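**Student:** Chains as they are written, first to last, in the working numbering: chain A, 2 to 337; chain B, 8 to 303. Each residue gets a CB set at the ideal place from its N, CA and C atoms; glycine is no exception. Nothing here was measured: the structure is a model prediction, and the numbers come from that model. One structure follows; several queries about it will come next.
This is how it looks when you write it as structure tokens:
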């Protein structure tokens with residue numbers, strides 16, 4: 002039995018103190034937006050950054066806190082995106098409302114998929130969810146009538162607040178930022194709630210959690226439902242942002258499903274602020290590399306991303322946040 | 008009737024391809040307990056190496072296999088030592104690391120070849136064997152017989168030799184194996200390198216069949232995982248028979264349902280097997296739960 006990583010045994014500070022702390026960190030993450038306000042390229046990159054921070058934080062609920070290493074979150078993301086686009090185009094529903102039925106559908110599908118796959122542990126769960134992602138990729142290519150097949154769905158550009166389509170890029174950046182704040186607040190709540198403690202118990206030792214009277218399957222399903230719901234909303238926002246939805250954009254593993262996990266890993270899996278830190282590091286870096294290397298070396302930015310992934314798995318297991326926490330704890334101990 | 012037989016033959020030959028690719032993956036998965044997402048990229052690298060041998064030195068794929076397999080053996084040693092050995096007891100980090108290797112290998116080859124598609128097809132796969140009115144490409148028949156020979160050879164190796172017995176002991180219980188004086192780390196290294204070398208054999212023999220692309224590994228890896236789950240973790244005959252079954256299912260479904268749905272079909276096989284019999288057709292019951300988590 003491997004030793005679980007040492008959890009800090011001190012009682013967490015009160016909800017107000019914690020909230021204030023995270024509010025400060027989130028305000029800090031808005032600084033780049035304030036600085037780069039007038040630069041449309043970087044505002045665009047920041048909109049992606051905040052969106053992927055929120056998506057990684059959503060993945061982190063089941064993948065980090067619950068320890069269920071899903072590589073299939075691209076499916077829930079895609080369901081959210083396709084549903085919002087279809088509801089907006091066919092029914093004329095405003096995306097502001099359409100994201101909720103879309104996310105609900107993503108949740109239902111997530112529960113149907115998870116019910117059989119949650120009996121698998123560790124790597125088997127990861128493989129099964131990856132297989133689900135690839136199968137849905139194939140289905141999305143196949144079912145012309147719903148997804149538009151390989152050509153995809155094009156949402157026409159009709160600017161307007163009620164259409165969630167804006168001319169100014171900073172409005173998207175603000176929208177994604179707001180979504181990120183909501184997801185982080187939910188994880189702050191979750192970390193203190195009963196469900197959060199149950200998820201941590203399941204991650205640490207499933208059998209012990211069961212022996213302690215926790216309904217393991219129910220806890221995992223609840224965690225997955227919350228995670229998939231938020232991922233579905235993220236997919237809906239993404240749909241109205243890029244307005245071109247084809248299967249490779251929504252299902253490519255290194256770009257979507259695995260990237261959520263990668264961002265969480267770089268920042269710190271199972272920490273509240275880790276996904277935000279990870280996204281702020283990875284997404285701008287990737288865009289920068291794509292810009293500088295992309296023309297000369299095809300796939301150059303992905304070579305570096307792959308190397309970062311391997312290096313992080315080897316040397317930065319608890320992410321940037323984990324490393325910083327460990328360093329501060331060490332300095333505290335040495336001081337007294 | 009003739010259509011049926013033709014589909015049957017093409018299914019078995021396709022199954023040979025899947026068996027060949029899956030045996031190495033299953034060895035690594037079953038023995039070293041590492042989910043190697045980069046296994047498909049090992050095959051891809053071997054295909055490019057084979058092409059290189061042919062284009063530069065005029066060495067045909069059926070000779071190049073004797074160069075490519077040792078090359079991949081060495082690559083396997085390097086990857087295991089540098090990346091996977093330090094992560095032996097951290098399954099989650101292994102997933103990250105091997106996925107990182109997948110992205111790394113895929114895009115390195117893309118950068119080197121600049122996305123140009125290479126093909127050995129003209130030179131080799133046009134030879135067709137005809138028997139009782141059934142037609143089959145020579146290259147595919149070679150793959151099928153190679154897969155059968157490798158499966159048989161590996162089974163003999165595992166049951167007759169000392170090294171093979173050590174590998175089987177480690178599959179069953181690595182702690183007890185260690186207590187019996189087996190060098191578990193060396194067994195891992197040997198097995199991982201052997202799995203990579205088998206990917207090398209597969210790549211060399213598949214090079215005449217497919218048009219080379221940096222992303223071709225993705226075509227194999229999901230099917231190979233389906234085969235491993237179907238056949239049973241760490242079971243060589245399981246991987247062989249599982250490969251044939253997946254090939255047959257894909258071939259028949261491709262003809263009678265729709266070729267675009269083959270991935271959905273793998274997935275259904277996958278999920279049904281996982282629910283009904285998670286240990287696979289020939290695996291040890293419970294192997295999918297135990298062993299992956301504990302065992303230091």
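Are there 16 or more other CB atoms within 10 angstroms of the CB of residue 273 of chain B, so buried, or fewer, so exposed?
**Tutor:** Under this definition residue 273 of chain B is a buried residue.
**Student:** Is the separation between the beta-carbon of residue 186 of chain B and that of residue 307 of chain A shorter than 7 Å?
**Tutor:** Their beta carbons are not under 7 Å apart, which means residue 186 of chain B does not touch residue 307 of chain A by this criterion.
**Student:** Taking the straight line between their C-alpha atoms, what separation do you get for residue 173 of chain A and residue 167 of chain A?
**Tutor:** For residue 173 of chain A and residue 167 of chain A, the distance between alpha carbons rounds to 7 Å.
**Student:** Compare the C-beta of residue 73 of chain B against all C-beta atoms of chain A and say whether one is closer than 7 Å.
**Tutor:** Not one chain A Cβ lies under 7 Å of residue 73 of chain B.
**Student:** Kindly indicate which three-state DSSP category residue 142 of chain B falls into: helix, strand or coil?
**Tutor:** Strand, per DSSP.
**Student:** How long is the line joining the alpha carbons of residue 279 of chain B and residue 126 of chain B, rounded to whole angstroms?
**Tutor:** If you take the alpha carbons of residue 279 of chain B and residue 126 of chain B, they lie about 37 Å apart.
**Student:** Quick check on residue 315 of chain A: does DSSP put it in helix, strand or coil?
**Tutor:** The answer is helix: DSSP assigns residue 315 of chain A an H, G or I state.
**Student:** Rounded to whole angstroms, what is the Cα-Cα separation between residue 139 of chain B and residue 68 of chain B?
**Tutor:** Cα-Cα distance, rounded: 28 Å.
**Student:** Enumerate in chain order the residues of its own chain whose CB-to-CB distance from residue 164 of chain A is below 8 Å, with the five nearest sequence positions on each side excluded.
**Tutor:** Answer for residue 164 of chain A: 89, 95, 96, 241, listed in chain order.
**Student:** Unbroken alpha helix (DSSP H) runs of length 4 or more, entirely within the segment 169 to 227 of chain B: which are they?
**Tutor:** Those alpha helix (DSSP H) runs which fall completely within the segment 169 to 227 of chain B and span 4+ residues are 169 to 179, 181 to 186, 191 to 213.
**Student:** Terminal residues of the continuous alpha helix (DSSP H) containing residue 168 of chain A?
**Tutor:** No alpha helix (DSSP H) contains residue 168 of chain A, which DSSP labels as neither H nor E.
**Student:** Using CA atoms only, rank isn't needed, just tell me which of A/250, A/43, A/69 is closest to residue 204 of chain A.
**Tutor:** Of the listed residues, the one whose Cα sits closest to residue 204 of chain A is A/69.
**Student:** Going by C-alpha distance, which of A/214, A/197, A/57, A/291 is nearest residue 223 of chain A?
**Tutor:** Selected option, being the one with the closest Cα: A/197.
**Student:** Spell out whether any CB of chain A is found under 7 Å from the CB atom of residue 102 of chain B.
**Tutor:** True, the Cβ-Cβ gap to chain A drops below 7 Å.
**Student:** State yes or no: is the beta carbon of residue 122 of chain B nearer than 7 Å to at least one beta carbon in chain A?
**Tutor:** Answer yes: the Cβ-Cβ gap between residue 122 of chain B and chain A drops below 7 Å somewhere.
**Student:** Using CA coordinates, which residue listed in A/38, A/152, A/336, A/169 is at the minimum distance from residue 160 of chain A?
**Tutor:** The candidate whose alpha carbon is nearest that of residue 160 of chain A is A/169.
**Student:** Can you give, in chain order, each stretch of the beta strand (DSSP E) that sits fully within the segment 184 to 263 of chain A and has at least 3 residues?
**Tutor:** You should have found no qualifying run.
**Student:** For a cutoff of 7 Å on Cβ pairs, would you count residue 66 of chain A as touching chain B?
**Tutor:** So no, residue 66 of chain A is outside the interface.
**Student:** Using DSSP's beta-bridge definition, name the partner residues of residue 137 of chain B.
**Tutor:** Partner(s): B/142.
**Student:** Hey, how far is the Cα of residue 190 of chain B from the Cα of residue 168 of chain B?
**Tutor:** Going from the Cα of residue 190 of chain B to the Cα of residue 168 of chain B covers about 15 Å.
**Student:** Answer with yes or no whether the minimum CB distance from residue 311 of chain A to chain B is below 7 Å.
**Tutor:** Yes, residue 311 of chain A lies at the interface with chain B (some Cβ there is under 7 Å from its Cβ).
**Student:** Give, in chain order, every unbroken run of the alpha helix (DSSP H) that is at least 4 residues long and sits entirely within the segment 57 to 123 of chain A.
**Tutor:** Listed in chain order, the complete alpha helix (DSSP H) runs (minimum 4 residues) inside the segment 57 to 123 of chain A are 74 to 87, 96 to 118.
**Student:** How long is the line joining the alpha carbons of residue 30 of chain A and residue 53 of chain A, rounded to whole angstroms?
**Tutor:** The straight-line gap from Cα to Cα measures roughly 13 Å.
**Student:** Kindly indicate which three-state DSSP category residue 126 of chain B falls into: helix, strand or coil?
**Tutor:** Three-state DSSP puts residue 126 of chain B in a strand.
**Student:** If we count the other Cβ atoms within 10 Å of its Cβ and call it buried at 16 or more, is residue 122 of chain B buried or exposed?
**Tutor:** Residue 122 of chain B comes out exposed.
**Student:** Counting only runs of 4+ residues fully inside the segment 94 to 120 of chain B, write out the alpha helix (DSSP H) ranges in chain order.
**Tutor:** Within the segment 94 to 120 of chain B, the complete alpha helix (DSSP H) runs of at least 4 residues are 98 to 120.
**Student:** Taking 7 Å as the CB-CB cut-off, is residue 49 of chain B touching chain A?
**Tutor:** No, residue 49 of chain B lies away from the interface with chain A (no Cβ there is under 7 Å from its Cβ).
**Student:** For residue 304 of chain B, is the classification buried or exposed, using 16 other Cβ atoms within 10 angstroms of its Cβ as the cut-off for buried?
**Tutor:** Because residue 304 of chain B is not part of the residues shown, which for chain B are 8 to 303, the question remains open.
**Student:** Give the residues from the segment 214 to 232 of chain B that approach chain A closer than 8 Å (Cβ to any Cβ), ordered along the chain.
**Tutor:** The residues in question are 221, 229, 232.
**Student:** Consult DSSP for residue 161 of chain A and reduce its assignment to one of helix, strand or coil.
**Tutor:** Here residue 161 of chain A sits in strand by DSSP.
**Student:** Per the contact definition of three or more C-beta pairs closer than 8 Å, is the segment 125 to 139 of chain A in contact with the segment 61 to 76 of chain A?
**Tutor:** Yes, the segment 61 to 76 of chain A touches the segment 125 to 139 of chain A.
**Student:** Spell out the partners DSSP gives residue 154 of chain A in its beta bridges.
**Tutor:** Paired residue(s): A/246.
**Student:** Using a Cβ cut-off of 7 Å, pull out every chain B residue sitting near residue 70 of chain A, in sequence order please.
**Tutor:** Ordered by position in chain B, the residues that pass the 7 Å Cβ test against residue 70 of chain A are 99, 102.
**Student:** Which bits of chain B does residue 142 of chain A rub up against, with CB to CB less than 8 Å?
**Tutor:** The contacting residues are 267.
**Student:** Using three-state DSSP, classify residue 32 of chain B as helix, strand or coil.
**Tutor:** The answer is helix: DSSP assigns residue 32 of chain B an H, G or I state.
**Student:** Write down every uninterrupted run of the alpha helix (DSSP H) in the segment 222 to 280 of chain B whose length is 4 residues or greater and which is fully enclosed by it, in chain order.
**Tutor:** The qualifying runs are 224 to 238, 243 to 263.
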